[in-house]
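Some notes on the structure that comes next.
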Amino acid sequence: MSKRVLVLAYYFPPLGGVGPQRAVKLIKHFPALGYDPIVVTGPEGDAVDFAPSDPVLAADVAVETRVERIRTLPPSAGIGQRRTRRLLGRWSALEAWWLREATAVARSLVGEFDLVHAVMTPFSSSVVAAEVAGEAGVPWVADLGDPWALDDWQIYPTALHRRLEQRRMRRALRSAAAIVMNTKEAAHALTDRFPELASTRIASITWGWDRDDFEGTPKPRLDKRFRIVYAGYSHVRRGLEHRQRRRIREVLGGAVRGLDILPRSHFFLAQAVGRLAQEDGRMARRLELHVAGPAPMDTRDGSDDLSIVHHGYLPHDQAVALVRSADLLFLAMHDLPSGLRTTTTPGKTFEYLASGRPILAALPDGDARDLLLALPNVWLCRPADVDCMAAALREAMAATPGSTDRLVDVLERFEWGNLARHLVALFDDAVSEVSEGG
Numbered sequence: 003m004s005k006r007v008l009v010l011a012y013y014f015p016p017l018g019g020v021g022p023q024r025a026v027k028l029i030k031h032f033p034a035l036g037y038d039p040i041v042v043t044g045p046e047g048d049a050v051d052f053a054p055s056d057p058v059l060a061a062d063v064a065v066e067t068r069v070e071r072i073r074t075l076p077p078s079a080g081i082g083q084r085r086t087r088r089l090l091g092r093w094s095a096l097e098a099w100w101l102r103e104a105t106a107v108a109r110s111l112v113g114e115f116d117l118v119h120a121v122m123t124p125f126s127s128s129v130v131a132a133e134v135a136g137e138a139g140v141p142w143v144a145d146l147g148d149p150w151a152l153d154d155w156q157i158y159p160t161a162l163h164r165r166l167e168q169r170r171m172r173r174a175l176r177s178a179a180a181i182v183m184n185t186k187e188a189a190h191a192l193t194d195r196f197p198e199l200a201s202t203r204i205a206s207i208t209w210g211w212d213r214d215d216f217e218g219t220p221k222p223r224l225d226k227r228f229r230i231v232y233a234g235y236s237h238v239r240r241g242l243e244h245r246q247r248r249r250i251r252e253v254l255g256g257a258v259r260g261l262d263i264l265p266r267s268h269f270f271l272a273q274a275v276g277r278l279a280q281e282d283g284r285m286a287r288r289l290e291l292h293v294a295g296p297a298p299m300d301t302r303d304g305s306d307d308l309s310i311v312h313h314g315y316l317p318h319d320q321a322v323a324l325v326r327s328a329d330l331l332f333l334a335m336h337d338l339p340s341g342l343r344t345t346t347t348p349g350k351t352f353e354y355l356a357s358g359r360p361i362l363a364a365l366p367d368g369d370a371r372d373l374l375l376a377l378p379n380v381w382l383c384r385p386a387d388v389d390c391m392a393a394a395l396r397e398a399m400a401a402t403p404g405s406t407d408r409l410v411d412v413l414e415r416f417e418w419g420n421l422a423r424h425l426v427a428l429f430d431d432a433v434s435e436v437s438e439g440g
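Per the numbering used here, the sequence shown starts with residue 3, numbered consecutively.
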């Protein structure tokens, strides 16, 4: 007989973007693995700038999936209110609203589920899960898409605020039956920072790719341009703003010393094309960059020598089609000082790999760099290394992509169905432990 799992997932269709994909793609496999999901999520009319509506993702939610929606809209908060809450170390208005409303809906379902699966963010989902699971007498699993207060690219007002958030994180996770981190590096960071959690089941379950999204043959292109595709949120504005305030933020301890957000965009790629244009104008003019994501365009992206097509946010099927049409995919992350490993991996990494297209990856040390280092058709650079990117572009434009046979085994590990099996194994252990204890 199937068990029932209560899934707390604010980011869920009709919301789009990378946020809802984790819940949607995992839930898709739950019934076949012995768990019927009951999803608690936000109102259907809700939308945020970085998660526009995407009807395509909704098609992955089976019609028999039970979805319980909050009926109120999240409060709007001005810049002043957001800053005040942040300075006082409080939950954001969204997090506080989600905590209150999701708890009310989840409590009304007590007795109907055997387990709680909290897909975070918002991180206040941890409080909802702990309270409701405690009342129901069932275990709960914390699934952190991002490593919360251990995220090296998050910025706090001061070092004290970071420590307070880490204390909140420690307190929230201590009742979890299992904790899922997005990378091995984040899992290590968790036990290093909170050694008392070492006895808790801790697993690394990454983002992934969906076999169904890559069925069929990509449509042939008719143009002769060398197409580079960058899919994801481009942090040009945030990166430039951080560079202006970086020194004071580092002095106050709110930002990791040496953090540079600007490379988490196409800014330095555009500079690399400019370097290429100085050496070979004809080669540079063949290049065309396609940027797909909800981030606003910025005229300061250094693109004078680069033709850029801004698509804005694309529904997931169109984004995948664009990725598969690329001659070269650009994967970018923030920069960190040498010797410091990032705790995150971009969600697009795995869809990039699934496409089989060549990749230019500008990454700091960490799990993503380790993964790509041994794979074919990949050029690796440091996040702000313009010379390396220019050289990679020259090589990529002249190269014939090699065999992708070595990718097969790697890809299978990161297919959402396989990732769901690892997660459900944690579910089974948690439920069995409670049953044996009872």
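By construction, the Cβ of each residue, glycine as well, lies at the ideal position given by its N, Cα and C atoms.
Item	Value
Proximity below 8 Å, CB of residue 306 to CB of residue 286	no
Per-residue burial, residue 81 [other beta carbons within 10 Å of its own, 16 or more giving buried]	exposed
Exposure of residue 74, with buried meaning 16 or more beta-carbon neighbours within 10 Å	exposed
Cβ-based neighbour list, residue 419, same chain, cut-off 6 Å, excluding 5 preceding and 5 following	31
Whole-Å CB distance - residue 206 paired with residue 171, under 8 Å assumed	The pair is not a contact, with the Cβ atoms about 17 Å apart (cut-off 8 Å).
Segment contact flag, the region 349-361 with the region 402-416, C-beta cutoff 8 Å, min 3 pairs	yes
Selection from 137, 218 and 293 that minimises the alpha carbon distance to residue 441	Limits of the chain in this structure are 3 at one end and 440 at the other, which puts residue 441 out of reach.
Spatial distance of residue 58 from residue 319 (CA atoms)	7 Å
DSSP-derived helix/strand/coil call for residue 425	helix
Spatially closest choice to residue 330 from 359, 350, 344 and 345, by CA coordinates	359
Terminal residues of the alpha helix (DSSP H) in which residue 411 lies	409-415
Bounding residues of the alpha helix (DSSP H) (the contiguous stretch that carries residue 81)	81-89
The beta strand (DSSP E) enclosing residue 181, as first and last residue numbers	180-183
Any alpha helix (DSSP H) of 4 or more consecutive residues that is wholly inside the region 91-131	95-109
Whether residue 135 touches residue 175 by CB criterion (8 Å)	no
Classification of residue 219 by the beta-carbon crowding that lies within 10 angstroms, buried from 16 upward	exposed
Any 3 or more C-beta pairs closer than 8 Å across the region 219-229 and the region 254-262	no
Alpha carbon of residue 35 to alpha carbon of residue 8, nearest angstrom	15 Å
Own chain partners of residue 431 with C-beta closer than 6 Å, once the 5 adjacent residues on each side are dropped	none
Delimiting residues of the alpha helix (DSSP H) encompassing residue 344	Unbroken run through residue 344: none, as it is neither H nor E.
Spatial distance of residue 109 from residue 333 (CA atoms)	42 Å
Residue from 311, 105, 427 and 274 with nearest C-alpha to residue 291	311
Test item: CB-CB of residue 116 and residue 6 under 8 Å	yes
Own chain partners of residue 2 with C-beta closer than 6 Å, once the 5 adjacent residues on each side are dropped	Any property of residue 2 remains undetermined from this structure, which presents the chain solely from 3 to 440.
Contacting residues, own chain, Cβ-Cβ under 7 Å from residue 11 (five flanking each side not counted)	25, 41, 43 and 121
Beta-carbon proximity of residue 393 to residue 270, cut-off 8 Å	no
Residue interval of the alpha helix (DSSP H) (run including residue 253)	238-254
Cβ shell of residue 22 (< 8 Å), same chain only, five flanking positions each side left out	11, 13, 14, 15, 53, 56 and 59
From 264, 283 and 344, residue whose alpha carbon lies closest to that of residue 247	264
Per-residue DSSP class, three states only, for residue 354	helix
Top-ranked residue by Cα proximity to residue 1, from 327, 155 and 401	An answer regarding residue 1 cannot be provided, because it is not within the stretch 3 to 440 covered by the chain.
Pair within 8 Å by beta-carbon distance, residue 416 and residue 210	yes
Cβ contact check for the region 332-352 and the region 145-158: 3 or more pairs under 8 Å	yes
For residue 37 and residue 195, the rounded distance between their alpha carbons	33 Å
Buried/exposed call for residue 375, threshold 16 Cβ in 10 Å	exposed
Per-residue burial, residue 47 [other beta carbons within 10 Å of its own, 16 or more giving buried]	exposed
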